[in-house]
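Since the structure comes first, as structure tokens, the remarks are kept for the end.
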Amino acid sequence: MEDTNSLIEQRRQNLAGLNARGVNPFMNSFSPDAQCGTVRTELARWAEWNKSPEPKGEPVGLAEGARVRLAGRITAHRDMGKSQFLDLRDVSGRIQLWVQPKVLGEDAAEIFKLLDLADFIGIEGTLFITRMGEPSVKVESFTPLGKSLRPPPGKWHGLEDTEIRYRQRYLDLMANEPIREVFLKRSHILKEIRSFFHLRGYVEVETPMMQAIPGGAAAQPFKTYHNALGCEFYMRIALELYLKRLLVGGVDKVFEIGRNFRNEGLSRRHNPEFTMLEAYEAYGDYATMMETVESLIRHIALTVVGTLKIEHRNAEGEVFKTIDLSHWRRARYKDLVCEKAGDDWFIVSPEERRRRAVEDLKLSGDIAAGYQDFEVTAAVFEKLVEPTLIQPTFVTHLPKQLVPLAKISAEDPTTVEVFECCINGQEIAPGYTEQNDPIAQREALEYQAGGEQQKLDEDFLVALEHGMPPAGGIGIGIDRLCMMLLGQESIRDVILFPQLKPKV
RNA sequence: GGGUCGGUAGCUCAGCGGUAGAGCAGCGGCCUUUUAAGCCGUUGGUCCAGGGUUCAAAUCCCUGCCGACCCA
């Protein structure tokens, strides 16, 4: 980061000028009595009311002539000579300031000249509407609050350099309004998830991120070392095994929202750390959890986005994809595979399936030589079916080999009581009837560990032996959920600080 | 890991062998209700880094770094 350029030098000189006049440009605090965007909205509403020839009712909120104290960042400056207009922005939005040096007085006018675009200031003044109808504040006094020593990104194009946007997200948030919206809505989504589960009587918990044995999923973990204990730990790859311990302990409805870490590739859909929701409900099953997922996502869409029809737009602002959350399809895994691979897919021999997958369906790159038969079918599902599941779909009756830790379905013993909820061409939420038989669970985990005894979470198995109630469970990838709901095609646009290679 | 594209002023970009450019921002003027304000003037560069080719390289070649997208 180059520290010497003329723009920075000018700002440092203005800073020195403020200091020379005994003005502290970095105040400890300021007490605004309103927010910029809120004031602008209310004053605009008043203007609308006032303009009507026969105003109905009484105006609510702020009106012309009201005094306000506001604080924010200066984001625009229009110099009219004896009269200047600034935009002041806080988290709620922006409002226009009208500054006349003669109103401020000579000293304050001198100090005003030393302000720069992007400085934080506090102001006090009265509300009025300009000739052009813009809600504004006539500034009577101001206080520098936090000087900016670097030039902000441009006002026209905002900030488009993706690398700077991700590495210096504060600049992205400063310059790009839609990005700010995405992250404010992400916060709102998290809030609605919590209130949804609390309303249903769930308990929110926090479980260890550092684990001696990383369990609950098949993924490469990150490794770390604890000096005082003198042993290695892994960053968790899933929340599951600790939440199930809590079912054993008697917390019947439990959920956690937290970070998982997977030491794998980065892509538009993968960040090494990502946010997961897992929820478990005693005495429920996978059907209970299907209802839960559907209700939850409908609730979030309505409260945060305001609609069940989610539109995704391209750079030109045209809608290229609409996700309709008012209809949730349920389909069997086998049926979906047959739709893409032929009705006789499960009738022909395994050798023929492999040949068709490689030759007819052109999946040679996705099918390793050592793949078992069910993995060949899984490749068809993952590559040809899942990306087409744009509309919400619960995929059910998954083959038991695919999900070895799940409970066998009573109606079809070749399948398990598991669903994968796919929306937007991605798996958003898997759900299970959870295994509560400690003997079956031990066998499955031993098989999965492939004889490596040190990978067995013995304490988890002991917990199950103490008795776990039957339960339904779900996991929801929060980042992918946000992508779907907020119309973002890259996970980096819903994670504030996505992982990038450090710059040396 | 492979391929494609990109990295030039604070921002957005043009230039693609022959003096380093534009718009905006900034700075100096003019303008007492402007809003992508306007008008006049003006400052600002390790052209990602390193090597090579050439009389001459931002430009062509090689290597590296970082990023985006596609594929694995």
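When the letters of the first sequence are read in order and numbered with my numbering, they come out as residues 59 to 562. Think of the CB as a built atom: it goes at the ideal place given N, C-alpha and C, for glycine as much as any other residue.
Bounding residues of the alpha helix (DSSP H) (the contiguous stretch that carries residue i)
| i | result |
| --- | --- |
| G75 | S64 to A78 |
| G95 | C94 to K109 |
| L398 | Sequence inspection shows Lys at residue 398; the Leu mentioned does not correspond to that position. From DSSP, the alpha helix (DSSP H) with K398 extends over Y391 to A399. |
| F170 | E164 to K171 |
| R303 | E298 to V306 |
| T361 | Per DSSP, T361 belongs to no alpha helix (DSSP H) and is neither H nor E. |
| F518 | E516 to E523 |
Close Cβ partners of residue i (< 8 angstroms) along its chain, the five nearest in sequence each way excluded
| i | result |
| --- | --- |
| E250 | H357, I358, T361 and V362 |
| Q430 | Q459 |
| M59 | Bear in mind that a pLDDT of 34 at M59, under 50, signals an unreliable position, so the number given afterwards is only what the model happens to contain. Taken in chain order, the list of residues that qualify is empty. |
| E168 | R79 |
| C289 | A270 and Y283 |
| N234 | G216, L217 and R223 |
| V406 | R414 |
| F527 | Looking at the sequence itself, residue 527 is Pro, so the reference to Phe does not match. Around P527: L305, D310, A340, Y341 and N494. |
| L297 | T265, G274, E314, G316, N318, M334, E336 and G533 |
Exposure label - residue i; buried when at least 16 CB within 10 Å
| i | result |
| --- | --- |
| F84 | exposed |
| S64 | exposed |
| F452 | buried |
| E264 | exposed |
| M541 | buried |
| I568 | Since the first residue of the chain shown is 59 and the last is 562, residue 568 is not available in this structure. |
| A464 | buried |
| Q499 | buried |
| N285 | exposed |
| I497 | exposed |
| V520 | exposed |
| G545 | buried |
| D382 | exposed |
| L505 | In the sequence on display, residue 505 carries Tyr and not Leu. Answer is exposed; the Cβ neighbour count stays below 16. |
| E404 | Glu is not the amino acid found at residue 404; the sequence shown has Phe there. Counting Cβ neighbours within 10 Å, F404 comes out exposed, since fewer than 16 surround it. |
| F555 | exposed |
| N82 | exposed |
| M232 | buried |
| R189 | exposed |
| R317 | exposed |
| Y22 | In the structure displayed, the chain extends from 59 to 562; residue 22 sits before or after that span and is not available. |
Proximal residues to residue i (C-beta, below 6 angstroms), its chain only, five neighbours per side dropped
| i | result |
| --- | --- |
| K379 | H370 |
| P236 | none |
| P445 | G483 |
| D61 | With a pLDDT of 48 at D61, under the threshold of 50, the modelled position of that residue is not reliable, and the figure given next carries that caveat. Closer than 6 angstroms at the Cβ level, and outside the excluded window around D61, lies no residue. |
| R125 | T184 |
| I179 | F200, P202 and L203 |
| P462 | A502 |
| A337 | F313 and I532 |
| G273 | L299 and D515 |
| L101 | L120, L185 and P193 |
| F280 | M293, F319 and N321 |
7 angstroms Cβ shell around residue i - same chain, five flanking residues per side excluded
| i | result |
| --- | --- |
| R223 | L217 and D230 |
| R147 | C94, G130, R131 and T133 |
| R390 | T454 and H455 |
Run of the beta strand (DSSP E) containing residue i, from where it starts to where it stops
| i | result |
| --- | --- |
| R317 | K311 to F319 |
| M334 | E331 to A340 |
| R550 | No beta strand (DSSP E) holds R550; DSSP gives it neither H nor E. |
| K561 | Looking at the DSSP string, K561 is not in any beta strand (DSSP E), and its letter there is neither H nor E. |
| R327 | R327 -> no beta strand (DSSP E), and no H or E assigned at all. |
| K367 | K367 to R371 |
| G531 | A529 to G535 |
| F88 | No beta strand (DSSP E) contains F88, which DSSP labels as neither H nor E. |
| E290 | C289 to M293 |
Could you tell me which uninterrupted beta strand (DSSP E) segments, each at least 3 residues in length, are contained entirely in the segment 173-252, listed from first to last along the chain? If we require 3 residues or more, the beta strand (DSSP E) runs fully inside the segment 173-252 come out as 178-187 and 193-204.
Is the segment 123-136 touching the segment 79-94 in the sense that three or more CB pairs, one from each, lie closer than 8 angstroms? Contact holds: three or more Cβ-Cβ distances are below 8 angstroms.
Which parts of the segment 251-287 are runs of the alpha helix (DSSP H), unbroken and 4 residues or longer, counting only runs that do not cross its ends? none
Continuous alpha helix (DSSP H) assignments of at least 4 residues falling wholly in the segment 465-503: Listed in chain order, there is nothing to give.
At which residue ranges does the segment 378-458 contain complete beta strand (DSSP E) runs of 3 or more residues, listed in the order of the chain? 387-390 and 451-454
Ordered list of beta strand (DSSP E) runs contained in the segment 105-159, each at least 3 residues: 125-137, 142-148 and 151-157
Are the segment 260-277 and the segment 312-320 in contact at 8 angstroms, needing three or more beta carbon pairs? Cβ pair count under 8 angstroms is three or more, so yes.
Could you say if the segment 434-448 and the segment 412-426 meet the contact criterion of at least three C-beta pairs nearer than 8 angstroms? yes
Please determine if the segment 143-159 and the segment 94-111 are in contact, where contact requires at least 3 C-beta pairs separated by less than 8 angstroms. Taking a cut-off of 8 angstroms on C-beta distances, the segment 143-159 touches the segment 94-111, as three or more cross pairs fall below it.
Do three or more CB pairs link the segment 205-213 to the segment 169-180 at distances below 8 angstroms? yes
Are at least three pairs of beta-carbons, each pair with one atom in the segment 508-522 and one in the segment 316-329, less than 8 angstroms apart? Flag = no, the segment 508-522 and the segment 316-329 do not touch.
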